[in-house]
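To start, the structure itself, in structure tokens.
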Amino acid sequence: MSTAFTRTTTRTVTVTRPFELNGMDGVQPAGSYVVETDEELIDSLSFPVYRRTATWIHLPHADGRSNGGSGMAQTALIDPDELDRILALAETEPQYGS
């Protein structure tokens with residue numbers, strides 16, 4: 008009998024400009040977002056290897072309140088490649104000022 012072991016890692020990413028997500032209405036504001044990645048252990052190997060099963064991003068309330076506010080914020084399934092694209096666009100954005 009095989010028992011699936013899963014783990015969830017959490018990180019905070021900062022997006023410096025508004026962005027859109029596939030399958031979601033509206034533009035998300037620039038800011039810090041909590042991203043969770045679920046992975047499951049592939050137990051058929053002689054060494055530990057994890058396979059990503061899902062990546063989630065926590066979005067603020069429509070009125071701009073953060074996830075820490077009262078009530079439920081939206082959590083959306085996001086393609087890791089789409090997240091990488093959003094973060095890469097923010098990094099290549101020209102920086103003005105200082």
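Positions 8 to 105 (the working numbering) are the ones given, in order, by the sequence shown. We put the CB at the ideal spot given by N, CA and C, even for glycine. The structure displayed is predicted, hence computed values, not measured ones.
>> Restricting to Cα atoms, I'd like to know which of Thr19, Arg14, Glu27 and Thr17 is closest to leucine 96.
In response: Glu27
>> What does the Cβ neighbour count give for leucine 66, buried or exposed, with the cut at 16 atoms within 10 Å?
In response: buried
>> On the CB-based measure, 16 or more other CB atoms within 10 Å of its CB, does leucine 84 come out buried or exposed?
In response: exposed
> Using DSSP with H/G/I as helix, E/B as strand and the rest coil, what is leucine 84?
Replying inline: strand
>> Going by the DSSP bridge assignment, what does valine 34 pair with across the sheet?
In response: Glu27
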